[in-house]
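Encoded as structure tokens, the structure appears first; notes follow it.
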Amino acid sequence: MHFVGLLAIMIAGAANDNLVKTAFVVAISALSWNVYGLDAVVLANLAALSFIIPFVVLAGFAAHKANQQPPKRWLLILKTMELGLALLACLAILEE
Numbered sequence: 001m002h003f004v005g006l007l008a009i010m011i012a013g014a015a016n017d018n019l020v021k022t023a024f025v026v027a028i029s030a031l032s033w034n035v036y037g038l039d040a041v042v043l044a045n046l047a048a049l050s051f052i053i054p055f056v057v058l059a060g061f062a063a064h065k066a067n068q069q070p071p072k073r074w075l076l077i078l079k080t081m082e083l084g085l086a087l088l089a090c091l092a093i094l095e096e
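Under my numbering, the first residue of the sequence shown carries the number 1, and numbering increases by one thereafter.
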């Protein structure tokens, strides 16, 4: 039964990442943002890359911490942080 909960959390996290990443790419493309002289195509690729880099950089640290403390606590902390960051990202898109 614990596997179903973990699977649901993983699916929800992946869906959240994809929705926020897609929202950023659409906003960058539709609004033709130009930041630091970079055009919208480059910014869209950088936005997509910014969602991949944390997985690569923080995977080892996360595995180390997950082995030190109960996984339920880490899941709660990380998913709460993920939702908060996604809400901030959505607010940033809406403000622009």
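Ideal Cβ placement from N, Cα and C applies to all residues, glycine included.
The structure displayed is predicted, hence computed values, not measured ones.
Please report the residue range of the alpha helix (DSSP H) in which L49 lies.
-> Here residue 49 corresponds to residue number 49 of the sequence shown, with the count starting at 1. A40 to Q68 is the span of the alpha helix (DSSP H), which, as asked, contains L49.
Using the rule of at least 16 other Cβ atoms within 10 Å of the residue's Cβ for burial, across every protein chain shown, is L87 buried or exposed?
-> Residue 87 sits at position 87 when you count from the first residue of the sequence shown. Result: exposed.
Near I28, which residues of its chain fall below 7 Å by C-beta distance, leaving aside the five closest residues on each side in sequence?
-> Residue numbering aside, residue 28 sits at position 28 when the sequence shown is read from its first letter. These residues qualify, in order along the chain: A40, L43, A44 and A47.
Per DSSP, which one or two residues make a beta bridge with V35?
-> In the sequence shown, counting from the first residue as 1, residue 35 sits at position 35. Beta-bridge pairing links V35 to L38.
Status (buried if at least 16 other CB within 10 Å, exposed otherwise) for V26 | Here residue 26 corresponds to residue number 26 of the sequence shown, with the count starting at 1. By the neighbour-count rule (16 or more Cβ atoms within 10 Å), V26 is not buried but exposed.
Cut-off 8 Å between Cβ atoms - residues of its own chain near C90, not counting five sequence neighbours on either side = Counted from its first residue, the sequence shown places residue 90 at position 90. Around C90: V20 and A23.
Note down, in chain order, each residue of its chain lying with its Cβ closer than 7 Å to the Cβ of L75, except the 5 sequence neighbours on either side.
-> Your numbering for residue 75 matches position 75 in the sequence shown. Only I9 meet the Cβ criterion.
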